[in-house]
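Enquirer: Just passing along the structure, written as structure tokens.
2 protein chains.
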Amino acid sequence: MNLDHIKPDAWKIVEDHYYPDRIEAAESLFSLANGAMGQRANFEEHYSGKSFRGSYLAGVYYPDKTKVGWWKNGYPEYFAKVLNAPNWIGIDVICNKEIVDLNTATVHEFRRELDMQNGLLTRKVTLSTLKGVKLTITSERFLALFQEELGCIRYTVALHDQAAEITLAPYIDAHISNNDSNWDDPFWEHKDQFCKDSFAALHTKTNKSAFDVCTYQSVSFFVDGNKSVAFSCEEKPGRVAFVHTKQLAAGQKVMVVKTGGYCSSLQQPQSNQQNHVYDIAVNALKQGFDELLQSQQKQWDEVWRMADITIEGDVKAQQGIRFNIFHLNQTYTGKNPLLNIGPKGFTGEKYGGSTYWDTEAFCFPFYMATKDESVAKNLLNYRYKHLDKAMENASKLGFSDGAALYPMVTMNGEECHNEWEITFEEIHRNAAIAYAVFAYERYTGKSDYLIERGIDVLVGIARFWAQRVSFSTAKNQYVILGVTGPNEYENNVNNNWYTNYAAKWCLNYTASRLDKIKDENPSEHEAILNRLNIHEEEHTQWKHIANNIYLSFDKNRGVYLQQDGFLDKELKDTSAISRDELPINQHWSWDRILRSPYIKQADVLQGFYFFEDHFTKEQLKKNFDFYEPFTVHESSLSPSIHAVLATTLGRVEQAYKFYLQTSRLDLDDYNAEVGEGLHITSMAGTWLSVVEGFGGMRIKDNAIHFSPKLPDAWDSLSFKINFRGAILQLTVDKETSQVSQISGDPVAVFLNGNLVKPSHKPVFS
Amino acid sequence: MNLDHIKPDAWKIVEDHYYPDRIEAAESLFSLANGAMGQRANFEEHYSGKSFRGSYLAGVYYPDKTKVGWWKNGYPEYFAKVLNAPNWIGIDVICNKEIVDLNTATVHEFRRELDMQNGLLTRKVTLSTLKGVKLTITSERFLALFQEELGCIRYTVALHDQAAEITLAPYIDAHISNNDSNWDDPFWEHKDQFCKDSFAALHTKTNKSAFDVCTYQSVSFFVDGNKSVAFSCEEKPGRVAFVHTKQLAAGQKVMVVKTGGYCSSLQQPQSNQQNHVYDIAVNALKQGFDELLQSQQKQWDEVWRMADITIEGDVKAQQGIRFNIFHLNQTYTGKNPLLNIGPKGFTGEKYGGSTYWDTEAFCFPFYMATKDESVAKNLLNYRYKHLDKAMENASKLGFSDGAALYPMVTMNGEECHNEWEITFEEIHRNAAIAYAVFAYERYTGKSDYLIERGIDVLVGIARFWAQRVSFSTAKNQYVILGVTGPNEYENNVNNNWYTNYAAKWCLNYTASRLDKIKDENPSEHEAILNRLNIHEEEHTQWKHIANNIYLSFDKNRGVYLQQDGFLDKELKDTSAISRDELPINQHWSWDRILRSPYIKQADVLQGFYFFEDHFTKEQLKKNFDFYEPFTVHESSLSPSIHAVLATTLGRVEQAYKFYLQTSRLDLDDYNAEVGEGLHITSMAGTWLSVVEGFGGMRIKDNAIHFSPKLPDAWDSLSFKINFRGAILQLTVDKETSQVSQISGDPVAVFLNGNLVKPSHKPVFS
């Protein structure tokens, strides 16, 4: 860990030295994406040092079928792996026949900036080659928010006090490797390539999953600002380069503007891909880099106008929250209902598939509150479209009659993770998917989605729970045996309180929504009963189970038990762990973790977070004080939930500590693993910790509530929320707090428990 | 399943028709081995039909390093896979330029016999080739018990009423495939080959594990009984054939005698392998097939004189028990302390590594009672030699100070299975290893092994348990959290009664042996304390834990609970499972199996089996009647233990049903999987069910006890036991039972509870 690696700055991520040891970390931190494609901040030019090259395409994956151990019935067909796509950013720089390579050069100056306000990555390096030629490279790069297949690079090499022959050779290349491959199996097959004038394309297909991808580039060269057309096309199988060589005098500079990127078969049929990107590339080059950048800035401006959070007096906290908001917006734009939010976004390969419960449990409120309603609805539609596959998945596991079990990890609705304790047992994910339907209803006050689609999802989930419980004669209650809760440091436990409580809630909520629809819209209700083949007894059975589900409670301590037998553990808090054994998941064997009391992330407390209104503060306090001391927060999703709960308990400074852990997890590389990629979904947790934590935002009874509590380190906090068509802004400083309404019709707003009439502000002043 | 596939016969396994659908099953059932090498009963000649070719070398394996899922700390370096070795048995037969292939020929007659009395596999086939030439192939094959590198084949082709050109081309071939390979990775590298006169050798090396193996053959050809020297050597890389072609008249026959086999780097250094097998091959050919077969018969005669069990009146039972005894003797001879008993022996690839707890828990008594004492001692020495590696293994999992955890699956003392619920949690295996030390002591009455070596193993194991327990404040007792018991249909449970009880026993036994040594041999005791660095407090602590370990008991039912929470399950017995869902491990998803009450194999009852004397028959009855109805017996190790316990309860006919299940498991292919290989270790369970079940044999207080109970279907039962240097024979018929002493000094023998003076019989009359 190198805590001063990244310089504090309110709007930028800045590296002001060349840190060869932090290359992979920086490649993650400075990643660019636009929701459809994204890539690590690899250098354009050749780099022979340690580096993790990665460029990723939304929804495109490799299905690994390797079998080890004793295969279990019900395992999915494949284990999905995110794959590194052909390289479109490459630019070879050759100076007097010597390839320019930061790893062998003498680097005099180095500065890299990720301008989050404008979505622009820049790098300026002054170096001397091995042969002693001094030059300055300036690179500017962005992935267009306004055109998902388009990336743009402006790359300049300027000579200092010496003449030299400089070749710039921008290329596209399908010879790439995948860190996540077993035995270096190739993930791609090269099919075809094309080169004409200043445009080149490669056609590749993923092995086994058969996604067609067209990778392209189009280039213009300039010498001292004047267009230079003397370049050639050099082709090898799977690689096309445009080679521009010029003898330059001292002080001269050569530049290439390169547009490039991908078009996958998720976007266009293979036969149309090349024409599609050709038009994009040619138009883009015609506009030129500056004009394209203006469009990019305009789009990011729109994002920030709504999503920005300002924190004064604490530049690291400010930088942290913007970093997180920036990456959330890079990862998911809500435009394509086939896509979702991967835990590492477009910044690394780990964790294979794209969608986890993280989306509904952590990310959903962020997109709901900072985007148009349609974005959150697209997230709901994603699961609705996968309902049939969730039913198939449940049926593979022996459930029937329309029971749905959503996958733990998925690319397209199919389960694609194969560890039984996760795949088969971490079933609480089903509850998070129902909870998002509830969150949408509560937030928007609308029941249209519920009636048209959401109820189908809820009924599938309720049917799953009704079959998944079993009746314990010993307890005379329903139990849920053999699960993994949110705390994945326990596997195959019985009666995980969170799972049981969430199942109870799902059954009740589904039954209550059917009742409500019946009251308000009997004919719609009739239609739903027919469509989903719901009988009266089934409905009654759901309520019966919900009322009789076992919820383990320890009267002495006044706490719910994380699972049966939790109190049999050696209940020593985390201070008993030797510091050099942290994180325990990197130091302890799995059985030791399992039998310890240590908690990876909020589990019982996740239930208190979701169902806050069901419990008193006294109950929260007892459970928080019992469980938090055992919590090692080794999931990136943990500190944020604890930050929200701590503010609820009025413990603002404790919450602030959790906030720092979550907001700068990647920037400060707390878990010494940022080189593998960023923790994208936990970034939404950071947003929750500010908005629901320090901002105290809640939606209750068709009103929005704020109960702000500012940490000592902050002078002020301000953010906007899009609530039922109204845009509200909360501004808090050391003395006062205030809600302004920026646009929309009046809505009910409570500040610190009092109904307030927000002052109106001019729209986007 | 084809229940009349194998013909009943007291001494032979017989197939009297050509069953193309049962080829793979027969390849398993007719397997040959000699403890050092073995192979499936593949045809010598080319066969284009469905077949599973396999030839295996003791101790030679491939280390698979594939990673999937989320890698856990403490996982072993590799997952060992048994590998198919180069083919030495091949003989191409070409008739009028047409390759002879049973799959395309018209088969008129077919008979295959495995003569278990003599360890000889014969096959006689009369067929017409596609071109209409009728011929009879006779093949005889054995793997020499007297020379572990030697296999012998006599192979004859006889023409009927038509002349033809017949080529016999015996070959050795390294181009083989491995069923168990991911993505068809090659397991072998071909290094070199050699051919001179009638001898040929191939030198190969296993990939990654780097075992050198020399595969060889040496041949003599005969036409109508006269030696024929007109043959040539045909070499391709990795393949050497001797080609003998002759125009034969109608009624003539051509024969090849082929000796061959392997020498691995476990037997000889690479540089010496070829010379070593050359001498063996040349000498063998000089002796000729008949003389070699006589030596083989002599050795098997010695095996059977001691190990045979005769059952009169029930030829299928007789065939079943001999089949099992035969394969146990083929699999393990006790000569090489580096080797052990693999669950599939030399008959298939599944289950990777060679040694499981099966050896100590099931096989040990068989070898102890039917072999020289040195054989069982070699099994103990195998674990003693691996003590350091067991300590390393424990230390990887966070245990310290000499705690030893023996691997669940091993080739050479290292753990080589990588599923956490097995590798890390199925720790009861440690108790079985201690139990074998106890069994040896009880059986032989000797403490030499204990003092010299066994105590080291016991102390390592006791230290493991002392660290593996944790103290539950809630229960005010020691608990063992997070284990998998013998019933692998439960994972990561708390307080598995069997594990807790076995741990208690290990701690007590270790402490008591130290006490005993102190009493009887204080200086030896002193030496042990020093050697193992044992302190008084440690010793005290073991007893303290043993006295305070939690053993869950249900007072209402009078049964020990398999694990915490067992009574929360839906306690429906196995009759509630639909027949078409059996075996559940082929039909149910893993989570469904886990939350069901169904038991794969004896678990609580395994404890009653091991520690019979600690419980009353009434207790056994209650526990048997509670657990057996939930038991699906889907481990081959299950019915035998239940057979023993049922006879103890006087339920002879129920025991007989279990006996049939265990003794003919493979012959009648109960689990429809015999094609993958035989269940070798469960064959020892069959022996237990006869000797300890129907024979009622026990060792108690330095005496041997028999309490025979004959099933109705049997007229008589007779077997021999080697007890403390005396060979005793129990003979039971419908009226009487009798123990004779065949050799050795008098020993204390109880028959049906009464001390008897066995009548003497002439030695091996």
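Respectively, the protein sequence lines represent chains A and B.
If you read the first sequence in our numbering, its first letter stands for residue 1, the second for the next number, and so on.
If you read the second sequence in our numbering, its first letter stands for residue 766, the second for the next number, and so on.
Every residue, glycine too, gets a C-beta built ideally from N, C-alpha and C.
In this text the structure is predicted, and so the values were computed from the model without any measurement.
Indicate whether at least one CB of chain A lies closer than 7 Å to the CB of B/D1329.
Expert: Working through the second sequence from its first residue, we reach residue 1329 of chain B at position 564. Answer yes: the Cβ-Cβ gap between B/D1329 and chain A drops below 7 Å somewhere.
Enquirer: Tell whether a beta-carbon distance below 7 Å holds between A/W300 and A/G132.
Expert: The residue given as residue 300 of chain A occupies position 300 in the first sequence. The residue given as residue 132 of chain A occupies position 132 in the first sequence. Their beta carbons are not under 7 Å apart, which means A/W300 does not touch A/G132 by this criterion.
Enquirer: I'd like the ranges of any alpha helix (DSSP H) spanning at least 4 consecutive residues and lying wholly in the region 1050-1083 of chain B.
Expert: 1054-1072
Enquirer: Mind checking the region 470-486 of chain A against chain B and listing, in chain order, the residues whose C-beta falls within less than 9 Å of any C-beta there?
Expert: S470, F471, S472, T473, A474, K475, V479, I480, L481, G482, V483
Enquirer: Return the chain-ordered ranges of every alpha helix (DSSP H) run that is complete within the region 631-675 of chain A and spans a minimum of 4 residues.
Expert: 638-648, 652-663
Enquirer: Using a Cβ-Cβ cutoff of less than 6 Å, which residues in the same chain neighbour A/P762 once the five nearest sequence positions on both sides are dropped?
Expert: The residue given as residue 762 of chain A occupies position 762 in the first sequence. Because A/P762 carries a pLDDT of 49, less than 50, the predicted location of this residue cannot be relied on, and the following value inherits that uncertainty. So no residue of the chain qualifies.
Enquirer: Give, in chain order, every residue of the region 591-604 of chain A whose Cβ lies closer than 8 Å to some Cβ of chain B.
Expert: D591, R592, L594, R595
Enquirer: Who are the near neighbours of B/P1362 in its chain, counting only those whose CB is closer than 6 Å to its CB and skipping five residues on each side?
Expert: Here residue 1362 of chain B refers to the residue found at position 597 of the second sequence. Around B/P1362: K1334, L1336, F1395.
Enquirer: In angstroms with no decimal places, state the Cα-to-Cα distance between A/S228 and A/N283.
Expert: Within the first sequence, residue 228 of chain A is the residue found at index 228, counting from 1. Within the first sequence, residue 283 of chain A is the residue found at index 283, counting from 1. Rounded to the nearest angstrom, the gap between the Cα atoms of A/S228 and A/N283 is 19 Å.
Enquirer: When we look at the beta-carbon of A/D388 and count the other beta-carbons within 10 Å, is it buried (16 or more) or exposed?
Expert: Stepping through the first sequence from its first residue, residue 388 of chain A is reached at position 388. When all chains shown are included, A/D388 counts as exposed.
Enquirer: By Cβ distance, which residues of its chain are closer than 7 Å to A/L397, with the 5 residues on each side in sequence left out?
Expert: By 1-based counting over the first sequence, the position of residue 397 of chain A is 397. Once the five neighbours on either side are set aside, the close Cβ partners of A/L397 are G74, L405, F424.
Enquirer: Using the Cβ count rule (16 or more neighbours within 10 Å means buried), how would you classify B/T1501?
Expert: Indexing the second sequence from 1 puts residue 1501 of chain B at position 736. Burial call: exposed.
Enquirer: Spell out whether any CB of chain B is found under 7 Å from the CB atom of A/F187.
Expert: By 1-based counting over the first sequence, the position of residue 187 of chain A is 187. No, A/F187 lies away from the interface with chain B (no Cβ there is under 7 Å from its Cβ).
Enquirer: Is the CB of A/S589 under 7 Å away from at least one CB in chain B?
Expert: Mapped onto the first sequence, residue 589 of chain A falls at position 589. Yes, contact with chain B.
Enquirer: From A/R453 to A/I528, what does the alpha carbon distance come to, in whole angstroms?
Expert: On the first sequence, position 453 is the one that residue 453 of chain A refers to. On the first sequence, position 528 is the one that residue 528 of chain A refers to. Computed Cα separation, rounded: 10 Å.
Enquirer: Mark A/H17 as exposed unless 16 or more other C-beta atoms lie within 10 angstroms of its C-beta, in which case mark it buried.
Expert: Taking the first sequence and counting its residues from 1, the one referred to as residue 17 of chain A is at position 17. Classification of A/H17: exposed, given that the 10 Å Cβ count is below 16.
Enquirer: In this structure, does DSSP put B/C1028 in helix, strand or coil?
Expert: For the purposes of this step, residue 1028 of chain B is taken as the residue at position 263 of the second sequence. B/C1028 falls in the strand class under three-state DSSP.
Enquirer: Does the region 699-708 of chain A touch the region 671-686 of chain A, meaning 3 or more C-beta pairs lie closer than 8 Å?
Expert: No, the region 671-686 of chain A is not in contact with the region 699-708 of chain A.
Enquirer: Ordered along the chain, which non-local residues of its own chain (more than five positions away) have a Cβ less than 7 Å from that of B/N1158?
Expert: Position 393 of the second sequence, counting from 1, holds the residue named residue 1158 of chain B. Closer than 7 Å at the Cβ level, and outside the excluded window around B/N1158, lie L1170, P1172, E1180.
Enquirer: At a Cβ cut of 7 Å, what residues of the region 412-433 of chain A count as close to chain E, listed as they run along the chain?
Expert: You won't find chain E in this structure, because its protein chains are A and B.
Enquirer: Suppose the cutoff is 6 Å on Cβ atoms and the five residues either side in sequence are ignored; what does the same chain contact list for B/A923 look like?
Expert: For the purposes of this step, residue 923 of chain B is taken as the residue at position 158 of the second sequence. Answer for B/A923: T901, K1018, listed in chain order.
Enquirer: A/I166 and A/W88: beta carbons closer than 7 Å?
Expert: If you number the first sequence from 1, residue 166 of chain A lands on position 166. If you number the first sequence from 1, residue 88 of chain A lands on position 88. The answer is no: Cβ separation not under 7 Å.
Enquirer: Do you know whose CA, among A/N671, A/L667, A/S640, lies nearest A/Y656's CA?
Expert: Position 656 of the first sequence, counting from 1, holds the residue named residue 656 of chain A. For A/Y656, the closest C-alpha among the options A/N671, A/L667, A/S640 is that of A/S640.
Enquirer: Please name the residues in the region 266-299 of chain A whose beta-carbon is closer than 8 Å to at least one beta-carbon of chain B, in chain order.
Expert: none
Enquirer: Let me check one thing: in DSSP terms, what residues is A/I13 bridge-paired to?
Expert: Here residue 13 of chain A refers to the residue found at position 13 of the first sequence. BP columns for A/I13 point to A/L114.
Enquirer: Beta-carbon of A/D568 versus every beta-carbon of chain B: anything under 7 Å?
Expert: Looking up residue 568 of chain A in the first sequence gives position 568. Answer yes: the Cβ-Cβ gap between A/D568 and chain B drops below 7 Å somewhere.
Enquirer: Listed in chain order, which residues of the region 339-372 of chain A have Cβ atoms closer than 7 Å to some Cβ of chain B?
Expert: none
Enquirer: Is there a C-beta anywhere in chain B that falls below 7 Å from the one on A/N677?
Expert: Here the question's residue 677 of chain A lines up with position 677 in the first sequence. At residue 677 of chain A the sequence reads Gly, which differs from the Asn that was named. It does not; no Cβ of chain B falls within 7 Å.
Enquirer: Just checking, does the region 32-41 of chain A make contact with the region 141-153 of chain A on the three C-beta pairs under 8 Å criterion?
Expert: Yes, the region 32-41 of chain A touches the region 141-153 of chain A.
Enquirer: Take the Cβ of A/R305 as the centre, count every other Cβ of all protein chains shown within 10 Å, and call the residue buried at 16 or more, exposed below.
Expert: Residue numbering aside, residue 305 of chain A sits at position 305 when the first sequence is read from its first letter. Looking at its Cβ environment, which holds fewer than 16 other Cβ atoms inside 10 Å, A/R305 is exposed.
Enquirer: If you drop the 5 nearest sequence neighbours on each side, which residues of the same chain put their C-beta closer than 6 Å to that of A/H587?
Expert: As a first step, residue 587 of chain A must be located in the first sequence, where it is residue number 587. So the qualifying residues of the chain are E581.
Enquirer: Looking only at DSSP bridge pairs, what is B/L1453 linked to?
Expert: Residue numbering aside, residue 1453 of chain B sits at position 688 when the second sequence is read from its first letter. B/L1453 pairs with nothing; no bridge assigned.
Enquirer: With 16 other CB atoms within 10 Å as the buried threshold, where does A/V469 fall?
Expert: In the first sequence, the residue the question calls residue 469 of chain A occupies position 469. So A/V469 counts as buried.
Enquirer: Show which residues of chain A have a CB atom less than 7 Å away from the CB atom of B/N1256.
Expert: Translated into positions along the second sequence, residue 1256 of chain B becomes position 491. Those within 7 Å of B/N1256 in chain A are N492.
Enquirer: Helix or strand or just coil, what does DSSP make of B/M766?
Expert: In the second sequence, counting from the first residue as 1, residue 766 of chain B sits at position 1. Only weak support exists for where B/M766 lies, its pLDDT of 44 falling under 50; the coordinates are left without a value.
Enquirer: Are A/S218 and A/F199 touching if we call contact CB-CB under 7 Å?
Expert: Indexing the first sequence from 1 puts residue 218 of chain A at position 218. Indexing the first sequence from 1 puts residue 199 of chain A at position 199. The Cβ-Cβ distance between A/S218 and A/F199 falls below 7 Å.
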